[in-house]
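Quick note: the sequence shown uses numbering that gives the first Met the number 0, first residue 0, plus one each step.
The structure under discussion appears below in the form of structure tokens.
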Amino acid sequence: MPFARTVAVTLAGLALAGLAHAAQPQRGAKDEARAREVIRASFKEKGQAGLDRLEQDEVQAACSRTPGQGPLPAAAAKKLVAAQQATLAYPADGKLMGDWKKGEQIAQSGVGKQFSDDPAKPSGGNCYACHRLSKQEVSFGTLGPSLYQYGKVRGQGEAMQRYTYAKIFNPQAFTACSTMPRFGHHAILTEEQIKDLVALLLDPASPVNQ
Numbered sequence: 000m001p002f003a004r005t006v007a008v009t010l011a012g013l014a015l016a017g018l019a020h021a022a023q024p025q026r027g028a029k030d031e032a033r034a035r036e037v038i039r040a041s042f043k044e045k046g047q048a049g050l051d052r053l054e055q056d057e058v059q060a061a062c063s064r065t066p067g068q069g070p071l072p073a074a075a076a077k078k079l080v081a082a083q084q085a086t087l088a089y090p091a092d093g094k095l096m097g098d099w100k101k102g103e104q105i106a107q108s109g110v111g112k113q114f115s116d117d118p119a120k121p122s123g124g125n126c127y128a129c130h131r132l133s134k135q136e137v138s139f140g141t142l143g144p145s146l147y148q149y150g151k152v153r154g155q156g157e158a159m160q161r162y163t164y165a166k167i168f169n170p171q172a173f174t175a176c177s178t179m180p181r182f183g184h185h186a187i188l189t190e191e192q193i194k195d196l197v198a199l200l201l202d203p204a205s206p207v208n209q
């Protein structure tokens with residue numbers, strides 16, 4: 000193939016690739032809007048699962064990115080974390096640790112917020128679905144890091160208690176687009192339940208720290 004023709008074909012290919020790349024955001028936006036329409040049309044309210052669950056807040060919207068978009072830009076992630084830091088709320092009584100035995104029950108329970116669950120009953124944290132916490136429980140997920148010996152390694156000081164409470168309350172205040180639920184921010188768990196989980200993680204007598 001003559002050199003000039005080769006160059007022309009190459010430039011044409013690059014131009015087409017550029018046009019295709021430029022069209023991706025517009026196509027992606029249309030596909031996203033269509034997907035939302037389909038989901039909303041097929042979702043039926045039942046029990047405590049209402050249509051409000053289809054509405055995203057600013058964190059969910061920012062973190063609902065397609066693989067083609069890549070990770071959240073560093074500046075946007077920093078802004079998101081700062082905004083979520085402002086939502087943190089600590090117990091008025093100043094106490095951050097409860098009963099680790101109750102915390103273990105909460106960590107084991109996956110009940111709560113589903114249409115078939117009784118909204119009058121307390122929700123569980125379902126912590127074992129993503130974390131290892133104790134050596135006695137052999138059924139655990141690995142989506143999140145192991146929390147075994149969490150307090151034994153980090154200590155049980157006030158600063159660690161505050162960090163642990165806040166991390167459970169709203170993990171987005173520390174890591175943008177974390178897959179961990181915002182248990183306190185979304186009122187999935189009560190203040191007392193979060194205290195019990197803090198105790199589970201930090202109390203020296205807890206199976207987590209044995």
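Backbone N, C-alpha and C fix where the C-beta goes; we use that ideal spot for every residue, glycine too.
This structure is a prediction, so every number in the text was calculated from the model and none was measured.
Residue environment, residue i, which counts as buried when at least 16 other CB atoms sit within 10 Å
| i | result |
| --- | --- |
| residue 166 | buried |
| residue 170 | buried |
| residue 39 | exposed |
| residue 64 | exposed |
| residue 30 | exposed |
| residue 145 | exposed |
| residue 56 | exposed |
| residue 41 | exposed |
| residue 140 | exposed |
| residue 202 | buried |
| residue 196 | buried |
| residue 53 | exposed |
| residue 181 | buried |
| residue 122 | buried |
| residue 199 | buried |
Residue-level contact to chain C via CB, residue i, 8 Å cutoff
| i | result |
| --- | --- |
| residue 204 | In summary, chain C is missing from the structure at hand, where a single protein chain is found. |
Residue nearest to residue i in terms of C-alpha spacing, selected from the options
| i | options | result |
| --- | --- | --- |
| residue 46 | 57, 149, 114 | 114 |
| residue 96 | 185, 159, 28, 29 | 159 |
| residue 91 | 181, 161, 198, 199 | 161 |
| residue 124 | 108, 144, 52 | 108 |
| residue 62 | 51, 79, 52 | 79 |
| residue 168 | 187, 154, 150 | 187 |
| residue 82 | 94, 58, 140 | 58 |
| residue 67 | 28, 122, 36 | 28 |
| residue 129 | 148, 153, 112, 106 | 106 |
| residue 138 | 148, 126, 149 | 126 |
Residue i in three-state terms, based on DSSP
| i | result |
| --- | --- |
| residue 48 | strand |
| residue 139 | coil |
| residue 87 | coil |
| residue 54 | coil |
| residue 188 | coil |
| residue 32 | helix |
| residue 202 | coil |
| residue 43 | coil |
| residue 71 | coil |
| residue 92 | coil |
| residue 59 | helix |
**Asked** Taking one C-beta from the segment 192-209 and one from the segment 92-110 each time, how about it: are there three or more such pairs within less than 8 Å?
**Response** Yes, the segment 192-209 is in contact with the segment 92-110.
**contact_flag[the segment 197-208, the segment 120-138] where n(CB pairs < 8 Å) is 3 or more** = Three or more Cβ pairs drawn from the segment 197-208 and the segment 120-138 lie within less than 8 Å of each other, which places the two stretches in contact.
**Message:** For the segment 172-186 against the segment 68-79, do three or more pairs of beta-carbon atoms, one drawn from each stretch, fall closer than 8 Å, so that the two count as touching?
**Reply:** A contact between stretches requires three or more CB pairs, one per stretch, nearer than 8 Å, and the segment 172-186 meets this requirement with the segment 68-79.
**Message:** Check whether the segment 107-124 and the segment 44-63 are in contact - that is, three or more C-beta pairs closer than 8 Å.
**Reply:** With the rule of 3 Cβ pairs closer than 8 Å, the segment 107-124 counts as touching the segment 44-63.
**Request:** Scan the segment 95-178 and note each continuous alpha helix (DSSP H) run of 4 residues or more that stays entirely inside, going in chain order.
**Result:** For the segment 95-178, whole alpha helix (DSSP H) runs of length 4 or above, ordered along the chain, are 99-107, 149-153, 157-168.
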